[in-house]
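Colleague: Residues in the sequence shown are numbered consecutively from 306, following our numbering.
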Amino acid sequence: MSPQDPAATDTDTMSAKYGLVGYNSSRKHISISIPSSTEVMSPHIKSVEELRVLGINLSNFSAPTQFFICVAGVFLFYLIYGYLQELIFSVEGFKPFGWYLTLVQFGFYSVFGLVELQLTQDKRRRIPGKTYMIIAFLTVGTMGLSNTSLGYLNYPTQVIFKCCKLIPVMIGGVFIQSKRYNVPDVSAAVCMSLGLIWFTLADSKVAPNFNVTGVLLISLALCADAAIGNMQEKAMKLHNGSNSEMVLYSYSIGFVYILIGLLCVGGLRPAAAFCSEHPVRTYGYAFLFSLTGYFGISFVLALIKLFGALVAVTVTTGRKAMTIILSFMFFTKPFTFQYIWGGLLVLFGIFLNVYSKNRDKMKLPSIKELRSRLLSRKKVSFLSQDV
306 MSPQDPAATD
316 TDTMSAKYGL
326 VGYNSSRKHI
336 SISIPSSTEV
346 MSPHIKSVEE
356 LRVLGINLSN
366 FSAPTQFFIC
376 VAGVFLFYLI
386 YGYLQELIFS
396 VEGFKPFGWY
406 LTLVQFGFYS
416 VFGLVELQLT
426 QDKRRRIPGK
436 TYMIIAFLTV
446 GTMGLSNTSL
456 GYLNYPTQVI
466 FKCCKLIPVM
476 IGGVFIQSKR
486 YNVPDVSAAV
496 CMSLGLIWFT
506 LADSKVAPNF
516 NVTGVLLISL
526 ALCADAAIGN
536 MQEKAMKLHN
546 GSNSEMVLYS
556 YSIGFVYILI
566 GLLCVGGLRP
576 AAAFCSEHPV
586 RTYGYAFLFS
596 LTGYFGISFV
606 LALIKLFGAL
616 VAVTVTTGRK
626 AMTIILSFMF
636 FTKPFTFQYI
646 WGGLLVLFGI
656 FLNVYSKNRD
666 KMKLPSIKEL
676 RSRLLSRKKV
686 SFLSQDV
C-alpha cells in the first residue's frame with residue numbers, strides 16, 4: 306500500500322470543508338452539493354418572511370387582510386391616543402410642558418421596545434447606529450415640536466397642519482429614495498392638503514386661537530415628519546430591521562437628546578414639580594397615552610414595511626380626520642359647515658390615492674370615453690325625438 310498523497314489529503318479536506326463531492330484530479334471534474342434552503346437560510350433572512358406586530362404574525366395573512374389589520378390597529382390606538390393627548394393639555398397649567406411630556410413618552414416607548422425586543426428570538430441590531438441617530442433626531446423634532454405646539458394652537462388646528470405632510474413625504478420620496486409619483490398620487494396630495502387648509506381657515510374664523518409660534522413649531526414638525534417615513538422605509542428594507550428594534554433605538558436615543566436639551570434650558574425641574582402635584586392626570590394619562598401611541602406606531606411601521614411610506618401617510622391622514630371629528634364630539638368647540646366641505650375634499654384625495662394603488666381593479670372611464678358616451682346619448686335622444 307502506497308503512502309497517502311498529501312495533495313489528496315488537502316483535496317479531501319477542501320472537499321469536506323466546502324462541500325465538494327466526487328473531486329477527481331485526473332478528470333478535472335467537480336460536483337458541488339447544495340444544502341437545502343432551510344439549512345443555509347440564516348435567522349436574518351428568515352425574518353424577511355415574517356412580520357410580527359404585537360405577537361400577530363402578519364405573514365400568515367393575504368395582502369388585503371394585512372392592510373385591514375394594520376389600518377384597524379392604526380385607527381383604534383391612535384384615536385385613543387389623540388383623545389388622551391388633548392385631555393392632558395386640558396389640565397390647567399400644563400401647556401408650557403410639552404417637551405417634558407415628550408420626554409416621558411420617549412421613556413415609556415424605550416421600555417416598551419426593550420420588553421418587546423427581549424421577547425423575540427433575534428435580538429441583534431441590524432440598522433447602523435448613525436442611521437438611528439438621524440431617525441431619533443427627526444423623531445424628537447416631529448413629536449416634541451408637535452406636542453409643544455399644542456400650547457399655542459387648539460387641537461384640531463394642530464392635527465390639520467400635521468395632515469398636510471403628504472406633499473413633503475412625496476418630495477422626500479423623490480429626493481431620498483428617487484421615487485416617481487403619478488398624476489393621481491400628486492392630485493391626491495393636493496386635494497388632501499387643500500381640504501385641510503380649508504379646515505384651518507374655517508377654524509381661524511370661528512375660533513381664532515392662532516399664534517405665530519405655534520404655526521412655526523408645527524411647520525417644523527411637519528418637515529421632520531416628512532423625512533421620517535422615507536428614512537424608516539429605506540433603513541428597514543435595506544437592513545431588514547424589526548419594528549421593535551426601530552422603536553427601541555430611535556426613541557431611547559431621542560430620550561437622551563430631549564433630556565440633555567431640558568437640562569440645558571432648565572425646563573426639567575419646573576415640569577417635574579408640576580406633574581408631581583397632579584400625578585394621575587399627568588403621569589397616569591401619559592402612561593396610557595404612551596401605551597396606545599406605542600401600539601399605534603407598531604402598526605404604522607408595519608404599514609411602512611409592507612406598503613410603503615405614502616400608503617402609511619394616507620392611512621394616518623384619514624385617522625387624523627376622524628380624530629378631529631371625535632375632538633368636536635368630546636370637547637366643546639364651535640362648529641361651521643366649512644369643516645364638512647374641507648373634509649369632503651380630503652376624502653376625495655384619499656380616494657384618488659387608493660385608486661392610484663388599485664388601477665387594475667378600479668377602472669375608471671377616460672375623458673374620451675365619457676365624451677363619446679355623452680355624444681352617443683345625445684344622438685339617441687335626437688333619434689327618439691325624430692321618431
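For each residue, glycine too, the CB sits at the ideal point set by N, CA and C.
A quick note: this is a predicted structure, and the numbers were derived from the prediction, not measured.
1) Looking only at its own chain, which residues have a Cβ that is under 7 Å from the Cβ of G546, when we skip the five neighbours before and after it?
2) Over what stretch of residues does the alpha helix (DSSP H) that includes F442 continue unbroken?
3) Please tell me whether L615 and L408 are closer than 8 Å, where the distance is taken between their beta carbons.
4) Would you tell me roughly how many angstroms separate the C-alpha atoms of L650 and M497, rounded to the nearest one?
5) Tell me the start and end of each unbroken alpha helix (DSSP H) in the segment 474-556 that is at least 4 residues and wholly inside, in chain order.
6) Measuring straight from C-alpha to C-alpha, what distance separates P489 and Y660?
7) Output needed for A577: all residues of its chain with C-beta closer than 8 Å, excluding positions within five of it in sequence on either side, in chain order.
8) Who are the near neighbours of G378 in its chain, counting only those whose CB is closer than 6 Å to its CB and skipping five residues on each side?
9) What residues in its chain sit with their C-beta under 6 Å from that of Q410, if we drop five residues either side in the sequence?
10) Where do the ends of the alpha helix (DSSP H) carrying Y414 lie?
11) Indicate whether G434 and S549 have their beta-carbon atoms separated by less than 8 Å.
12) Does the structure place the segment 378-391 close enough to the segment 553-568 that three or more beta carbon pairs sit under 8 Å?
13) If you measure from the CB of I476, is any heavy atom of the ligand COA nearer than 7 Å?
14) Bridge partners for R586 per DSSP, in chain order?
15) Could you pull the DSSP bridge partners for R430 from this structure?
16) Just to confirm my understanding: we take I563, look at its own chain, exclude 5 residues before and 5 after, and list those with CB closer than 8 Å. What are they?
17) Given this structure, state the Cα-to-Cα distance separating K351 from S364, to the nearest angstrom.
18) Within its chain, find whatever has a CB closer than 8 Å to the CB of S524; leave out the 5 residues flanking it on each side and keep chain order.
19) Give the DSSP-derived three-state secondary structure of V396 in the structure shown.
20) So who's on the other strand from I629, going by DSSP bridges?
21) Could you pull out every unbroken beta strand (DSSP E) segment of at least 3 residues lying fully inside the segment 568-625, listed in chain order?
22) Residues in its own chain within less than 6 Å of Y554 by CB, not counting five upstream and five downstream?
23) Could you tell me which residues DSSP puts in a beta bridge with I361?
24) In this structure, how does DSSP classify L458 when only helix, strand and coil are distinguished?
25) From G398 to G647, what distance separates their C-alpha atoms?
26) Counting only the same chain and skipping the five closest in sequence on each side, list residues whose C-beta sits under 6 Å from that of F653.
27) On the three-state DSSP scale, how would you describe S347?
28) Can you tell me whether Q537 is buried or exposed? The criterion is at least 16 other CB atoms within 10 Å of its CB, across all chains shown.
29) Give a yes or no on whether the C-beta atoms belonging to S415 and F642 are separated by under 8 Å.
30) Would you check if the distance between the CB atom of C468 and the CB atom of L499 is smaller than 8 Å?
31) Quick check on DSSP: helix, strand or coil for P369?
32) How many angstroms separate the CA atom of G519 from the CA atom of R429?
33) Output the distance between the C-alpha atoms of L392 and L455, rounded to the nearest integer angstrom.
34) Give me, in chain order, the residues of the same chain whose beta-carbon lies closer than 7 Å to that of F372; leave out the 5 immediate sequence neighbours on both sides.
35) Which residues in the same chain have their Cβ closer than 7 Å to the Cβ of A507, if we skip the five residues on either side of it in sequence?
Modeller: On the basis of the coordinates in this document:
1) R431, I432 and A540
2) Its alpha helix (DSSP H) spans residues G434 to S454.
3) Not closer than 8 Å, so no.
4) If you take the alpha carbons of L650 and M497, they lie about 6 Å apart.
5) 488-511 and 517-544
6) 8 Å
7) Taken in chain order, the residues that qualify are Y405.
8) F604
9) S595
10) Unbroken alpha helix (DSSP H) run through Y414: G403 to Q423.
11) No. Outside cutoff.
12) no
13) The model on display carries no ligand, and the ligand COA is accordingly not part of it.
14) Beta-bridge pairing links R586 to no other residue.
15) For R430, which the question treats as bridged, DSSP gives no partner whatsoever.
16) W404, T407, L408, F411, V445 and G449
17) With a pLDDT of only 35 at K351, under 50, the local geometry of the prediction cannot be trusted, and the value read off the model is given with reservation. Spanning the two alpha carbons is a distance of roughly 11 Å.
18) Taken in chain order, the residues that qualify are F466.
19) coil
20) In DSSP, I629 forms no bridge with anything.
21) Whole beta strand (DSSP E) segments, 3+ residues: zero.
22) Y437
23) Beta-bridge partners of I361 (DSSP): V358.
24) coil
25) If you take the alpha carbons of G398 and G647, they lie about 33 Å apart.
26) C496
27) Note that S347 scores 29 on pLDDT, short of 50, meaning its location in the model is unreliable and no value can be drawn from it.
28) buried
29) no
30) no
31) helix
32) 40 Å
33) Their backbone Cα atoms lie some 11 Å apart in a straight line.
34) F612
35) Hits under 7 Å: T641, Q643, Y644 and G647.
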